[in-house]
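Here the structure comes first, spelled out in structure tokens, and everything after it is commentary.
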Amino acid sequence: MRATQWLLAASLVLSPVSVATASQPTSASINTLFDYQVTTAQGQSLSLTQVADNVEKADIVLIGEWHSHPGVHRFQTELLNQLASRHSVALSMEQFSRDAQPVVNQYLAGDIGEDTLKRRANAWDNYNGSYRPLIELAKQRQFDVIAANAPKRMVSCIGRQGLAYLDKLPDQQRQWFAATIDTQDSPYKRQFKANMHHGTPTQTDDQFAAQLAWDATMAESMVDYHARHPDTQIVHIAGRFHIAEGLGTAAQLKARNPDLTIALITAVSDQAKLADNAKDLRLKVMPLPQRWQSMDEMREAVSQMKGQGAPQCR
């Protein structure tokens, strides 16, 4: 499978619904895409202040998002602002990779402008509408931003070649990835494979290695930061699949530091829920519009992605 196909397939795993299904009613209190409602696992509604109370003692707060969802990004910014008013915080982001950390630091210090940040740090296409408020809050309130991820273009090479790709990298680039990426059997691996139906078993294993490279690298970045700043709470934002039910990034954090206290907040909707016994706080929002109304539309999208070519891997 070409890397572009894998990246599209991975996005399907992270999306609540890929092809249209019968509509379901949404909570009356959630009327627009900007609205959100947070509940406990038992269904008790929480105000923003109560959410902050609930997670205040956690070393790390993980927020699982649907990328580009206005309600989710509004919640992230409002919660981060509230926590920053209580104690020292740092923002950790899937959306920036380790090689971009110096650029992010330059922007927060006021040494470069936003356009330079976006170009040099390879900001995601939805930066302006989704992540600008978070970065500007960090800049205004002068707290750190952790560029936690591995470079996406290189992660896609793992999806093509497996973890052996990392052995080809020079030392500096190898440090952009977690030192250890353990792909042994786990609930996370089983869930990933249950959602992926592309390619041979070997290709699927390589795709999971790429997925885990994200989680392991983000986790290591946070653990390293926590070791240097034990009194600073880390708020990490990443795709929902990385966070939900503590199977991805949270498991990687615990593997590296079992003593960490971790809070989970995961986006849900009427079409995408969590297991009843999951400990995550539920961030309920209106579902995003359907990406496709038919399998034909999805196949057309895959075909166009295939035409864009794959990155050059060593």
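Sequence positions in the sequence shown follow mature numbering (1 follows the signal peptide of the UniProt record, and there is no 0) and run -22 to -1, 1 to 292. All C-beta atoms, glycine included, are put in the ideal place defined by N, C-alpha and C. Here the structure is a predicted model, which means the values were calculated and not measured.
Are residue i and residue j touching if we call contact CB-CB under 8 Å?
i    : j    : result
L95  : I240 : no
A229 : G42  : no
V123 : V82  : yes
T17  : R260 : yes
S134 : H45  : no
R269 : Y143 : no
A125 : Q79  : yes
S23  : Q15  : yes
T158 : L190 : no
Kindly indicate which residue of the options has the alpha-carbon position closest to the one of residue i.
i    : options                  : result
L61  : R97, R119, D89 and D184  : R119
R52  : E72, P165, L115 and Q189 : L115
D248 : A233, L266 and A87       : L266
T182 : G140, G91 and R206       : G140
E72  : Q162, H47 and V213       : V213
Rounded to the nearest angstrom, how far is the Cβ of residue i from that of residue j, given a contact under 8 Å?
i    : j    : result
D184 : I215 : In fact, because the Cβ distance is near 26 Å, the residues do not count as touching under 8 Å.
G224 : L242 : 6 Å
F155 : A128 : 5 Å
L58  : L112 : 7 Å
Is the beta carbon of residue i within less than 7 Å of some heavy atom of the ligand NAP?
i   : result
V67 : Among the ligands in the structure shown, none appear at all, so the ligand NAP cannot be discussed.
In terms of residue numbering, what span does the beta strand (DSSP E) encompassing residue i cover?
i    : result
N127 : V123 to N127
Q15  : Q15 to T17
Need the endpoints of the alpha helix (DSSP H) that residue i sits in, please.
i    : result
C291 : Element bounds for C291: n/a, residue is neither H nor E.
D149 : D149 to R152
E114 : R110 to R119
R269 : Premise fails: R269 is in no alpha helix (DSSP H) and is neither H nor E.
K130 : K130 to Q139
Q22  : Premise fails: Q22 is in no alpha helix (DSSP H) and is neither H nor E.
L26  : L26 to V33
query: In chain order, which beta strand (DSSP E) runs of at least 3 residues are fully inside the region 37 to 103?
result: 38 to 43 and 67 to 75
query: Considering only residues of the region 165 to 230, which uninterrupted beta strand (DSSP E) runs meet the minimum length of 3 residues and lie entirely inside it, listed in chain order?
result: 211 to 217
Uninterrupted alpha helix (DSSP H) stretches inside the region 225 to 265 (no shorter than 4 residues): 227 to 234
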